[in-house]
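Scroll down for the structure; my scribbles are underneath it.
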Amino acid sequence: MGIYRKTAGAKKMILSIESSCDDSSIAITEIDSKKLLFYRKISQEIEHSHFGGVVPELASRLHAVALPQILEESKEFFPKLKAIAVTNGPGLGVTLMEGVEMAKTISIMLNIPIIAINHLKAHIYSLFIEKEAIFPILVLLISGGHTMIVKVESLNSMQILASTMDDSIGESFDKCAKMMNLGYPGGPEIEKLALMGDENRFNFPIPLSNSPLLAFSLSGLKNAVRVQIEELGGAESLSNQDKCDISASFQKAITSHLLQKSKKILSTQNIKDFAIVGGAAANKSIRNAFSSLCNKYNIKQHFVELKYCSDNAAMVGRIALDYFLDNHTTDYKNISTLVSRKRQNGEL
Ligand code: KG4
Ligand code: ZN
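Numbered according to the numbering used here, the sequence shown terminates at residue 507, and the numbering increases by one at each position without gaps.
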């Protein structure tokens, strides 16, 4: 649970809502100064950890409780609101709906427009919370649902240069953690155990290392981890040190995969700014590996604050204010969670 509040003396503001997966979050951003005046998030990790992953129906019900509770806390800002921003995809249909229906209600109540936000673009804008945007920039997006490298030239020009052919980075951390009976979300658990592990004990394959493809693939690596666990007698037979060593070796292979493909792209693009965003961007081992790569290529690496790596409404509010200034608002009747299949599959 995170809370952050500044006093309400400012003029024009945007209220933003995020409910694409298992985080209920609302933020208030001041339009002229780009300042975050209010930010709160209630995560559902504990509830979903009993099931080893996010249960959409449960997530939706929890949003229905948490979002109104947070909204109540932001009431003092209502008279200053000029627009409502809400994530409308990609994400879980039943959880997106909770945020979108709330946004529509506020829009009708206050007679202000809505700004529909693409969740992936919001992650990219997590870099610019309370800051001016930096363009052009190459962004590695590694979340629970997506893995891609995006060339970001402006608010309206984002091009995917590489993406995953199967699982995402966050998902593969979660699945490997589940194979070892670790908690959910798996990323932080694996990162923690990896610190005490031997990354050279298991020689997991680096995906697509001999392929010229500019793409990511995690399913083979995941399978190699599964086979290794079976060879050790199954999850129940693993010692704590086995789990630490598997975590470290797995994290090393993932990091090498990300580095290899990113290096190829960085060397072909004349862009001097780089960043990693998304839930898995919180991983310090991945962050550090990329710092060395960027130093080598004389590229400036930009970091998202750890608290804004995972899903949050502050990033939704930040991109929404650029859309607002670009007159990119709509009527509540034009917004739904029925985004195109391409968009749901991660197209920008
Ligand atoms: O961006 P996010 O909050 O949600 C999506 O948009 O999917 O990302 C959540 C994902 C989860 O799969 C989680 O395991 C992963 O981010 N994650 C991590 C770490 N912290 C969260 N993965 C690796 N290392 C971490 N420290
Ligand atoms: Zn996300």
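From the three backbone atoms N, C-alpha and C, an ideal C-beta is built for every residue, glycine too.
**OP:** Give me the Cβ distance between residue 261 and residue 226, rounded to the nearest whole Å; I'm assuming they're in contact under 8 Å.
**Re:** The residue given as residue 261 occupies position 102 in the sequence shown. The residue given as residue 226 occupies position 67 in the sequence shown. Rounded to the nearest angstrom, the Cβ distance from residue 261 to residue 226 is 6 Å, consistent with a contact under 8 Å.
Original post:
In three-state terms, what does DSSP make of residue 498?
Top reply: As a first step, residue 498 is located in the sequence shown; it is residue number 339 there, counting from the start. In this structure, DSSP gives residue 498 a state outside helix and strand, which the three-state scheme calls coil.
Original post:
Around the C-beta of residue 282, are 16 or more other C-beta atoms found within 10 angstroms, so that it is buried, or is it exposed?
Top reply: Residue mapping note: residue 282 aligns to position 123 of the sequence shown, counting from 1. By the C-beta density criterion, residue 282 is buried, having at least 16 other C-beta atoms within 10 angstroms.
Subject >> Outcome for residue 222 when other beta-carbon atoms lying within 10 angstroms are tallied against a minimum of 16 >> reply: For the purposes of this step, residue 222 is identified with residue 63 of the sequence shown, where counting begins at 1. That one is buried.
Subject >> Integer Cβ distance of residue 475 from residue 286, believed to fall under 8 Å >> reply: Within the sequence shown, numbered from 1, the residue matching residue 475 stands at position 316. Within the sequence shown, numbered from 1, the residue matching residue 286 stands at position 127. Their Cβ separation, rounded to whole angstroms, is 13 Å, which puts residue 475 and residue 286 out of contact at 8 Å.
Original post:
Can you tell me whether DSSP reads residue 422 as helix, strand or coil?
Top reply: Position 263 of the sequence shown, counted from the first residue, corresponds to residue 422. It is helical.
Subject >> Reduced DSSP secondary structure (H/G/I, E/B, other) of residue 480 >> reply: Working through the sequence shown from its first residue, we reach residue 480 at position 321. DSSP, reduced to helix, strand and coil, places residue 480 within a helical segment of the structure shown.
**OP:** Within the same chain, show all residues whose beta-carbon is closer than 6 Å to that of residue 458, passing over the 5 residues directly before and after it, in chain order.
**Re:** Along the sequence shown, read from residue 1 onward, the residue named residue 458 stands at position 299. So the qualifying residues of the chain are 431 and 433.
Original post:
alpha helix (DSSP H) containing residue 338: first to last residue?
Top reply: The residue labelled residue 338 in the question sits at position 179 within the sequence shown. Residue 338 -> alpha helix (DSSP H) spans 328-338.
Original post:
If you follow the beta strand (DSSP E) that residue 318 is part of, which residue opens it and which one closes it?
Top reply: Numbered from 1 along the sequence shown, position 159 holds the residue referred to as residue 318. DSSP places residue 318 in the uninterrupted beta strand (DSSP E) bounded by 316-322.
Original post:
By the 10 Å Cβ neighbour count, where 16 or more other Cβ atoms means buried, how is residue 481 classified, buried or exposed?
Top reply: On the sequence shown, position 322 is the one that residue 481 refers to. Residue 481 comes out buried.
Subject >> Extent of the continuous alpha helix (DSSP H) to which residue 207 belongs >> reply: As a first step, residue 207 is located in the sequence shown; it is residue number 48 there, counting from the start. Per DSSP, the continuous alpha helix (DSSP H) segment holding residue 207 begins and ends at 204-208.
**OP:** Give me the Cβ distance between residue 365 and residue 412, rounded to the nearest whole Å; I'm assuming they're in contact under 8 Å.
**Re:** The count along the sequence shown starts at 1 and reaches residue 365 at position 206. The count along the sequence shown starts at 1 and reaches residue 412 at position 253. Residue 365 to residue 412, Cβ: 5 Å. Contact.
Original post:
What's the C-alpha gap between residue 378 and residue 314?
Top reply: Working through the sequence shown from its first residue, we reach residue 378 at position 219. Working through the sequence shown from its first residue, we reach residue 314 at position 155. When rounded, the separation of the alpha-carbon atoms in residue 378 and residue 314 is 32 Å.
**OP:** Using 10 angstroms around the beta-carbon of residue 256, count the other beta-carbons present and answer buried if the total reaches 16, otherwise exposed.
**Re:** The residue you call residue 256 lines up with position 97 of the sequence shown. Counting other Cβ atoms within 10 Å of its Cβ, residue 256 reaches 16 or more and is therefore classed as buried.
**OP:** Name the two residues that bound the continuous alpha helix (DSSP H) containing residue 250.
**Re:** In the sequence shown, residue 250 corresponds to position 91, counting from 1. From DSSP, residue 250 is part of no alpha helix (DSSP H); its letter is neither H nor E.
Subject >> Cβ separation of residue 477 and residue 284, assumed to be a contact under 8 Å, to the nearest whole Å >> reply: In the sequence shown, residue 477 corresponds to position 318, counting from 1. In the sequence shown, residue 284 corresponds to position 125, counting from 1. Confirmed, about 5 Å.
Original post:
Are the region 293-309 and the region 323-343 touching by the rule of at least three beta carbon pairs closer than 8 Å?
Top reply: Cβ pair count under 8 Å is three or more, so yes.
**OP:** Could you tell me which of 341, 361, 359 and 362 sits nearest to residue 352, measuring between CA atoms?
**Re:** Here residue 352 corresponds to residue number 193 of the sequence shown, with the count starting at 1. Among 341, 361, 359 and 362, the Cα nearest to that of residue 352 is on 341.
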